[in-house]
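Listed in order, the protein sequences are those of chains Y and P. Be aware that the first sequence starts at 58, since it is given in the numbering used here, and climbs by one per residue. Be aware that the second sequence starts at 58, since it is given in the numbering used here, and climbs by one per residue. Beta carbons: idealized from backbone N, C-alpha and C, even for Gly.
Protein chains: 2
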Amino acid sequence: MKTRDRILHTSLRLFNEMGEPSVTTLLIADELDISPGNLYYHFKSKTDILEELFQQFEECMYSILIVPESEMDIEDLWFYLHLIFENIAKFQFLYKDLVTIMAKYPQFEKRFQKILNTKRKASISVLENARKNERLHASTDEIEALTEQIILTTTFWLSYSSVREGQVADDALARGVYQVMSVVAPFLEPERRAMINGLKDAYL
Amino acid sequence: MKTRDRILHTSLRLFNEMGEPSVTTLLIADELDISPGNLYYHFKSKTDILEELFQQFEECMYSILIVPESEMDIEDLWFYLHLIFENIAKFQFLYKDLVTIMAKYPQFEKRFQKILNTKRKASISVLENARKNERLHASTDEIEALTEQIILTTTFWLSYSSVREGQVADDALARGVYQVMSVVAPFLEPERRAMINGLKDAYL
């Protein structure tokens with residue numbers, strides 16, 4: 058692996074383990090056993106490292122958030138949500154210190170809001186599709202409140218898990234997916250609600 | 058107002074406005090137009106100020122989280138949730154930088170987890186009561202998932218609102234209450250669901 062990539066890889070791991078505010082460029086250099094000068098040759102500052110990681114995060118999110126044209130079945134939806142949670146877990150430092158990081162690095166704020174908006178559109182599109190096909194019985198107001206609930210849950214589930222348990226629990230991702238499905242469930246046909254319970258038993 | 062109380066009052070306001078990580082004791086003294094020495098006479102450090110504010114927060118939370126013995130109607134529940142959100146808003150610095158603050162001040166972690174547990178018990182007690190009286194139609198699994206959703210929403214709604222809009226929106230508290238009610242609504246009788254929509258129209 059190139060030094061530049063090793064720096065990014067190790068920075069991401071340290072940010073996730075210790076939280077962004079506790080990680081300095083000196084600590085990153087130390088962990089990699091390279092000189093600070095070598096690190097500064099590749100990245101001028103911690104902000105430069107964050108900028109690169111944030112770009113990686115954006116690219117992953119946008120590639121996932123393309124909603125498939127065809128209707129998603131319960132199992133597809135479970136899998137799709139799992140991908141979103143996996144990507145959030147990969148960049149969990151960002152989510153765990155979200156308000157702090159947005160205040161400290163205002164250059165990320167609008168870009169993060171754009172991701173939230175893309176999530177909102179994806180959620181409404183999936184729910185409206187299911188309503189059109191009479192799989193989901195919800196009013197427009199209900200679809201809106203559901204969407205807020207889905208975005209809130211995907212955004213803060215890992216923070217909640219880490220505050221509640223003192224660390225992100227092993228089954229936090231699967232629990233997060235189940236939590237999202239549980240707010241959608243009451244609007245589904247009984248047969249589809251049963252499928253969610255089946256998936257819960259299989260994965261949790 | 059005594060100097061000690063003025064320090065607490067101003068610290069809380071600055072923490073809420075700027076986020077705890079950005080506020081120093083020097084800034085607090087400056088804002089109050091007192092000397093740092095005068096501040097240190099009352100509080101040895103920022104941690105001492107936080108300790109006192111955290112105690113106030115705990116006392117408020119525990120006094121609210123006593124669930125009334127009698128069954129709560131939709132309007133009572135709306136009002137009760139509003140009290141909880143108001144108290145969270147009063148100490149919003151804690152919630153907005155929750156993961157950061159818990160990592161920085163581990164002495165608060167267990168105490169915050171105890172509040173989450175008390176919230177959990179209060180939520181389950183309210184929901185089980187409504188089920189016993191046949192107002193709520195949910196399985197034990199559903200009551201559990203609902204409870205997680207209610208705690209997640211009360212804990213992170215203001216952070217979500219502040220990240221989404223760049224600041225906590227004016228109607229954030231009422232929206233938070235509505236969001237919590239919207240996850241409970243599908244398990245209620247149609248008549249009670251209609252009451253929630255009525256309250257939404259009145260308050261939002």
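If you draw a straight line from the Cα of Y:Y260 to the Cα of P:D228, it is about 38 Å long. Membership of Y:R61 in the alpha helix (DSSP H) is indicated by the continuous run T60 to M75.
Interface criterion not met: the Cβ of Y:P247 is under 8 Å from no Cβ in chain P. Taking P:L134 as the centre and dropping the five residues before and after it, the same chain places no C-beta closer than 6 Å to its C-beta.
Shortest Cα-Cα distance from Y:F150 to any of Y:L110, Y:I91 and Y:I207 involves Y:L110.
By the neighbour-count criterion, in which a residue is buried when 16 or more other Cβ atoms sit within 10 angstroms of its Cβ, Y:Y98 is exposed. Selection Y:K257, Y:R188, Y:V234 and Y:A179 evaluated against Y:I121 yields Y:A179 as nearest (Cα-Cα).
Contact between Y:R192 and Y:E246 is confirmed by a C-beta separation of about 6 Å, below the 8 Å threshold. Listed along the chain, the chain Y residues whose CB falls inside 7 Å of the CB of P:L155 are S216 and V220. In the three-state scheme derived from DSSP, where H, G and I count as helix and E and B as strand, Y:L245 is classed as strand. Within the DSSP bridge table, the entry for P:L193 names P:L245 as partners.
Selection P:Y119, P:F148, P:T197 and P:P93 evaluated against P:L107 yields P:F148 as nearest (Cα-Cα). P:M129 is outside the set of residues whose beta carbon lies under 8 Å from a beta carbon in chain Y. For P:Y137, the enclosing alpha helix (DSSP H) covers residues I131 to K147. Under the three-state reduction of DSSP, Y:P93 is assigned to helix. By the neighbour-count criterion, in which a residue is buried when 16 or more other Cβ atoms sit within 10 angstroms of its Cβ, P:R61 is exposed. Taking a C-beta cut-off of 8 Å against chain Y, the contacting residues of the stretch 200 to 213 of chain P are A202, L203, E205, Q206, I208, L209, T210, T212 and F213, listed in chain order.
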